[in-house]
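Enquirer:
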Amino acid sequence: MNDTVSTTSAAGASPVDGPLATVAIVISLAVAVWALVAAVRHRPPDRIQFVGLAVLEVALLALTVTALVALGGGDRPGEPGAFFGYLVTLVCLPPLAWVLARMEPTRWGSGIVCAICLVTPVVAVRLQQTWDILGG
Numbered sequence: 182m183n184d185t186v187s188t189t190s191a192a193g194a195s196p197v198d199g200p201l202a203t204v205a206i207v208i209s210l211a212v213a214v215w216a217l218v219a220a221v222r223h224r225p226p227d228r229i230q231f232v233g234l235a236v237l238e239v240a241l242l243a244l245t246v247t248a249l250v251a252l253g254g255g256d257r258p259g260e261p262g263a264f265f266g267y268l269v270t271l272v273c274l275p276p277l278a279w280v281l282a283r284m285e286p287t288r289w290g291s292g293i294v295c296a297i298c299l300v301t302p303v304v305a306v307r308l309q310q311t312w313d314i315l316g317g
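This is the structure we're talking about:
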């Protein structure tokens with residue numbers, strides 16, 4: 182019985198690994214696919230891509246708030262320096278995609294959105310890994 186309790190608390194210890202992170206990753210991949218289709222069709226970034234980036238940013242900000250609340254509660258990531266680096270990078274990626282795509286109103290703007298939305302899940306997974314290095 183004690184093993185079950187400790188396993189459950191250890192699994193729930195990471196604030197950056199859960200449904201919120203999964204939702205952010207799925208949104209990012211969906212926007213990436215949409216942007217890839219637009220780029221292949223020689224289309225500039227459209228409203229759906231920009232709305233997708235905004236929704237992705239909201240999800241990433243919610244993930245950031247969750248992580249900061251956990252830090253305020255005494256939880257600590259395994260590698261704090263890398264964790265904060267990935268956290269800041271993760272929050273900056275969608276606005277970067279937005280700005281660069283607005284500066285490049287051609288198919289390459291859609292390519293930029295696609296590329297950044299493919300990088301975002303990788304950074305999210307690395308963020309999770311840096312938290313879990315010492316077990317959360």
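Per my numbering, numbering of the sequence shown is gapless, rising by one per residue and ending at 317.
Even glycine gets a Cβ: it sits at the ideal position worked out from N, Cα and C.
The structure displayed is predicted, hence computed values, not measured ones.
Hey, how far is the Cα of G253 from the Cα of V306?
Expert: For this step, residue 253 is matched to residue 72 along the sequence shown. For this step, residue 306 is matched to residue 125 along the sequence shown. C-alpha separation (whole angstroms): 22 Å.
Enquirer: Could you pull the start and end residues of the alpha helix (DSSP H) that D313 belongs to?
Expert: As a working mapping, residue 313 is identified with position 132 in the sequence shown. D313: member of the alpha helix (DSSP H) spanning R288 to D313, first to last residue.
Enquirer: Going straight from the alpha carbon of T245 to that of A213, what length do you get?
Expert: Residue 245 sits at position 64 when you count from the first residue of the sequence shown. Residue 213 sits at position 32 when you count from the first residue of the sequence shown. Answer to the nearest angstrom: the Cα atoms are 21 Å apart.
Enquirer: Give the list of continuous alpha helix (DSSP H) stretches no shorter than 4 residues that lie fully inside the segment 187-255.
Expert: 200-221 and 228-253
Enquirer: In three-state terms, what does DSSP make of R283?
Expert: As a working note, residue 283 is residue 102 in the sequence shown. DSSP places R283 in helix when its eight states are reduced to three.
Enquirer: So does the segment 227-243 actually touch the segment 205-212, counting three or more Cβ pairs closer than 8 Å?
Expert: The segment 227-243 is in contact with the segment 205-212.
Enquirer: If you compare alpha carbons, which of Y267, R288 and D313 is closest to P302?
Expert: One-based indexing of the sequence shown puts residue 302 at position 121. Closest option to P302, Cα to Cα, is Y267.
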